[in-house]
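If you read the sequence shown in numbering that gives the first Met the number 0, its first letter stands for residue 0, the second for the next number, and so on. Note that beta-carbon positions come from the ideal geometry of N, C-alpha and C, so glycine has one too.
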Amino acid sequence: MMPRARFFLFIVVLALAACSPEPSALEQQAAQATASALQTASAPTPAPAPTATPTGAEVALAVEEADVAYTLVTGGDYGGLVFVGVGGEIDGVINPTLTANPGDTVSITLINGDGVEHDLAIDEFGVSTGSLTELNQQTTVTFTVEQEGEYVYYCTIPGHRQAGMWGTLRVGNPQSQAAVGENIVHHPADLPPPIGEREPQMVRVTLTTQEIEGQLADGTTLTYFTFNGTVPGPFIRVRVGDTVELHLRNATGNTFIHSIDLHAVTGPGGGAVFTQTNPGEETFFTFKALNPGLYVYHCATPSVAHHIANGMYGLILVEPEGGLPPVDREFYVMQGEIYTVQPFGTLGHLDFSMEKMLAEAPEYFVFNGAAGALTREENALRAKVGETVRIFFGVGGPNFTSSFHVIGEIFDRAYPFASLTSPPLTDVQTISVPPGGATMVEFKLEVPGRYILVDHALSRLERGLAGYLYAEGEENPEVFSGQMTEGSGH
Ligand SMILES: [Cu+2]
């Protein structure tokens, strides 16, 4: 269950909740702010509260009854888009981590320290201070925390959170909630070598569907459905004219029926009609690969979107006669969404949410199965300056189109919809890839450094969707140079 505040109140404080014997500059500023607030009596617009407007006595009671009380000032002496702690252990700390125990009543007083419009919200508790627009204006929110976890407090004014106005409210010892699962990330460099020149032949492919408690994020697990234990499943590579005998095993001990629909197949259901497979059983069918291209495959057992969202997708490449032009590096990346009952960032085992899937409101977006999977040292894409790179990119979905982009690079060649028999587009920044679709992009690395794979619908970056491509080699100042200043970097 999502943690919920039992209640919250909007109040203007009459006194500072946090004090130390020697008042700091920030505390003095806060005291002035209090006086100012009393003089002008300019109470901020209250958000809907479960109770009537509190009286002065109720306000005093709420602060007094708070088990923990914190004061934050926006910007303050430090300037910039940050919260700064006032008083006690957080005095002067930028975006301090606030702590509380489960069951505590927490009060947070927010002071406008820079005269710029700000607020403070914590989504999981329904907490919002409302806008503070004037210098020294202040307000206090009081709420109760129940479930252990780490929650983000932030300013909801557009751009402010991204610029740094956020911090953590830690309730209890959330690490005790952390869960460890299996690594389900398909390594982006793990794909078979090119086929190139050969005659068509018979190819046997065996896939095993596995239901796995896998690592979705640090401390967070999910019951994945997979082909061969990874997301995406194996990269299947055949040649046009090949006849493929595809075997599907559903691992013993699984709970669900699984199947496979390959978009490279000509025939009803793409194979799904022959492969609805019970746990512990095996099915097979054969198909002739008539059309070259890069195709998505996925489980096609109802609810199909559920099976896809939980990880059941992959790519099959049908090489054209003579193969693809040679490149130095090939990579395999797929995008998907994950729908969980618990909000993004919750530790522990997360449950699949049918409701959020039907509403198309995912909590996570992932490349190769897990939040930030391809930003990790062990999974990042790696190449050298001077090399040509090819990315086979597909969208499992089930629902969201990707605006695939590599920050800092331009696709020299992009194959829209992964049509490999049409001439590629050249010099492309971003390519649209629909669910159940794919693309092939190629580029040469001219400049060393870290490039970032994204969906340029960049809100998804904050829900786990990013990958790194490292290019090693000599600097190339003719193409790219500049002076690094403090705070720059990407
Ligand atoms: Cu399935």
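For ligand 2, is there any heavy atom lying closer than 7 angstroms to the beta carbon of residue i?
i, result
"residue 191", "In the structure on display, ligand 2 does not appear, and the ligands it does have are ligand 1."
Return yes when the Cβ of residue j is within less than 8 angstroms of the Cβ of residue i, no when it is not.
i, j, result
"residue 336", "residue 366", "no"
"residue 288", "residue 317", "yes"
"residue 239", "residue 202", "no"
"residue 185", "residue 230", "yes"
"residue 243", "residue 204", "yes"
"residue 268", "residue 245", "no"
"residue 295", "residue 436", "yes"
"residue 326", "residue 441", "yes"
"residue 460", "residue 349", "no"
"residue 183", "residue 310", "yes"
"residue 260", "residue 297", "yes"
"residue 258", "residue 285", "no"
"residue 117", "residue 156", "yes"
Run the proximity test for residue i: is its beta-carbon closer than 7 angstroms to any non-hydrogen atom belonging to ligand 1?
i, result
"residue 311", "yes"
"residue 186", "no"
"residue 159", "no"
"residue 285", "no"
"residue 246", "no"
"residue 224", "yes"
"residue 455", "no"
"residue 208", "yes"
"residue 300", "yes"
"residue 273", "no"
"residue 351", "no"
"residue 255", "yes"
"residue 117", "no"
"residue 306", "yes"
Contact defined as beta carbons within less than 8 angstroms: I believe residue i pairs with residue j. What is the distance between those atoms, to the nearest angstrom?
i, j, result
"residue 73", "residue 82", "6 angstroms"
"residue 448", "residue 470", "6 angstroms"
"residue 85", "residue 144", "Not really, about 21 angstroms apart at Cβ, beyond 8 angstroms."
"residue 206", "residue 247", "6 angstroms"
"residue 224", "residue 210", "6 angstroms"
"residue 342", "residue 362", "6 angstroms"
"residue 472", "residue 384", "3 angstroms"
"residue 212", "residue 173", "Going by Cβ atoms, the distance from residue 212 to residue 173 rounds to 19 angstroms, so no, they are not a contact pair."
"residue 299", "residue 356", "Actually they are not in contact, since the Cβ atoms of residue 299 and residue 356 sit about 16 angstroms apart, beyond 8 angstroms."
"residue 228", "residue 312", "Contact flag wrong, Cβ pair sits at about 14 angstroms."
"residue 179", "residue 214", "7 angstroms"
"residue 191", "residue 255", "With 8 angstroms as the limit, residue 191 and residue 255 do not qualify as a contact, their Cβ atoms being about 28 angstroms apart."
Ordered along the chain, which non-local residues of its own chain (more than five positions away) have a Cβ less than 7 angstroms from that of residue i?
i, result
"residue 27", "Note that residue 27 scores 44 on pLDDT, short of 50, meaning its location in the model is unreliable and no value can be drawn from it."
"residue 428", "404, 409"
"residue 478", "445, 446"
"residue 359", "398"
"residue 199", "238, 240, 241"
"residue 390", "330, 332, 440"
"residue 418", "292"
"residue 420", "291, 319"
"residue 266", "286"
Only counting the same chain, and skipping five residues up and downstream in sequence, which positions put a Cβ closer than 8 angstroms to that of residue i?
i, result
"residue 467", "373, 374, 379, 380, 449, 450, 451, 452"
"residue 434", "394, 395, 396, 397, 398, 399, 400"
"residue 250", "207, 208, 209, 210, 278, 279"
"residue 196", "321, 322"
"residue 490", "With the chain running from 0 to 489 in the structure shown, residue 490 is simply not present."
If you drop the 5 nearest sequence neighbours on each side, which residues of the same chain put their C-beta closer than 6 angstroms to that of residue i?
i, result
"residue 454", "401, 402, 464"
"residue 483", "none"
"residue 176", "147, 346, 347"
"residue 159", "80"
"residue 67", "99, 103, 105"
"residue 432", "394, 401, 403, 438"
"residue 136", "111"
"residue 152", "119, 121, 166, 168"
"residue 216", "370"
Query - Segments assigned alpha helix (DSSP H), at least 4 residues, entirely inside the segment 144-188 - result: Runs found: 159-162.
Requested in this report: Pick out the complete beta strand (DSSP E) segments inside the segment 226-291, 3 residues or longer, and give them in chain order.
Outcome: Fully enclosed beta strand (DSSP E) runs of 3 or longer: 235-238, 242-249, 281-287.
Report task. Could you pull out every unbroken beta strand (DSSP E) segment of at least 3 residues lying fully inside the segment 309-360, listed in chain order? Result -> If only complete runs of 3 or more residues are kept, the segment 309-360 shows the beta strand (DSSP E) at 312-318, 328-337, 347-349, in order along the chain.
Query raised in the report: Along the chain, which unbroken stretches of the alpha helix (DSSP H) at least 4 residues long are found entirely within the segment 410-465?
Result: None, since the segment 410-465 contains no complete alpha helix (DSSP H) of that length.
**Report entry** Start-end ranges of the beta strand (DSSP E) lying completely within the segment 366-397, minimum 3 residues
**Finding:** Taken in chain order, the whole beta strand (DSSP E) runs of length 3 or more contained in the segment 366-397 are 380-383, 387-396.
Query raised in the report: Could you give the uninterrupted runs of the beta strand (DSSP E) lying entirely in the segment 109-143, keeping only those of 3 residues or more?
Result: With a minimum length of 3 residues, the continuous beta strand (DSSP E) runs that stay inside the segment 109-143 are 137-143.
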